[in-house]
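Accompanying notes for the structure given below.
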Amino acid sequence: MKVFNFGFHGYGNHQALALLKSGEVMRITQDCKDYTVFYESIPGHIRRANGFSDWEDLNAPRFHLGNTLTWTNEHKTFWTKIHNKIFTILKNKSYLFKILLPRYTYNKQYNELYFAILQEINSLLQVQFHTELHFLLWDTNNLSDDTEIAESQAIIEWLAHQDIDAFLVSEILPQYMHNRLQYALHTCDTHPNALANELIAKFLAHKIQSREITTHTAHTKEIQ
1 MKVFNFGFHG YGNHQALALL KSGEVMRITQ DCKDYTVFYE SIPGHIRRAN GFSDWEDLNA
61 PRFHLGNTLT WTNEHKTFWT KIHNKIFTIL KNKSYLFKIL LPRYTYNKQY NELYFAILQE
121 INSLLQVQFH TELHFLLWDT NNLSDDTEIA ESQAIIEWLA HQDIDAFLVS EILPQYMHNR
181 LQYALHTCDT HPNALANELI AKFLAHKIQS REITTHTAHT KEIQ
């Protein structure tokens, strides 16, 4: 068994979809025969999918939801590279420019793009690898603010109406809802620590071994 981690600090589901659509996931895993795919999300990925990430520049994948879901900046040109260079300089050098950038305030309208991206990820996994998405949500806990509570609840309600296998971290990690810091790297950095990763890995491994989560043999179909 091989494990590939395509996540990175600051990524969201828009990055995951871009990796799939670009063929990068298929290229790296081309020697694998069977696939089981997990996507791990925090509620804040809603804002990231909608472009509210201070650390991302204009080259970060951006998607627009109209009649269909469109990758608006998939193709880079000389002018888009120049535009991004100017944007990066202004963001790093100008305090005024930074405070004039759009600020995120939770609104239900932002949910739709996040949900559409998840649906597209699930569809692409079925086309490229003959498998489906397994979704893991770091839901609310004792450190959650009002925004995270609203985002988490919206995701859980949406999942209830989807054909997506989903797991809540609160149902995996003991006392997670009452003691979030037990599973954090530090008080100032709540990324998962070794204990959290170990318990989640054991939980998912058990699901696979017991065949509650099944692996699937990939198609040989090229990326559409």
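When we follow full-length UniProt numbering, the leftmost residue of the sequence shown carries the number 1, and every step to the right adds one.
Backbone N, C-alpha and C define an ideal beta-carbon position, used for all residues, glycine too.
Everything numeric in this text was worked out from a predicted model, so none of it was measured.
Check, Outcome
"For Leu65, which residues from the same chain have a beta carbon less than 8 Å from its beta carbon, with the 5 sequence-adjacent residues on both sides left out?", "Glu112, Leu113, Ala116"
"Would you list, in sequence order, the uninterrupted beta strand (DSSP E) runs of no fewer than 3 residues that lie entirely inside the region 104-190?", "133-137, 165-168, 184-186"
"Going by DSSP, which residues form a beta bridge with Pro192?", "Ala184"
"In the DSSP assignment, what are the bridge partners of Glu40?", "Leu136"
"Is DSSP giving Tyr95 helix, strand or coil here?", "helix"
"Out of Gln109, Phe135, Leu181, Asn92, state which residue places its alpha-carbon closest to the alpha-carbon of Gln162.", "Phe135"
"Determine contact between the region 132-146 and the region 35-44, defined as no fewer than three beta-carbon pairs at a distance below 8 Å.", "yes"
"Can you list, in chain order, the residues of its chain with a C-beta nearer than 8 Å to that of His14? Leave out the 5 residues immediately preceding and following it.", "Arg48, Ala49, Ala60, Pro61, Arg62, Phe63, Ile117"
"Phe52 by DSSP, collapsed to three states: which one?", "coil"
"From the DSSP secondary-structure annotation, give me the bridge partner or partners of Asp31.", "None, per the DSSP bridge assignment."
"Smallest Cα separation from Gln128: which of Ala194, Phe78, Leu19, His75?", "Leu19"
"Find out if the Cβ-Cβ distance for the pair residue 226, Ile28 is shorter than 9 Å.", "This structure does not reach residue 226, given that the chain is present from 1 up to 224, and the question cannot be answered."
"Looking at the structure shown, is Leu65 part of a helix, part of a strand, or coil, going by DSSP?", "strand"
"Taking just the CA atoms, how far does Phe97 sit from Gln119?", "35 Å"
"If you pair each beta-carbon of the region 91-110 with each one of the region 1-17, do three or more pairs fall below 8 Å?", "no"
"Is the distance from the Cβ of Ser170 to the Cβ of Asn141 below 9 Å?", "yes"
"I need the boundaries of the alpha helix (DSSP H) containing His14, first residue and last residue.", "13-21"
"Hey, how far is the Cα of Asp34 from the Cα of Thr88?", "41 Å"
"What's the C-alpha gap between Leu69 and Lys21?", "12 Å"
"Do you know how far the Cα of Gly44 is from the Cα of Asp146?", "12 Å"
"Assuming Leu125 and Thr131 are in contact, meaning their beta carbons sit under 8 Å apart, how far apart are those beta carbons, in whole angstroms?", "5 Å"
"What does the alpha-carbon distance come out to for the pair Leu199 and Phe167?", "13 Å"
"What three-state label does DSSP hand Thr80 in the structure shown?", "helix"
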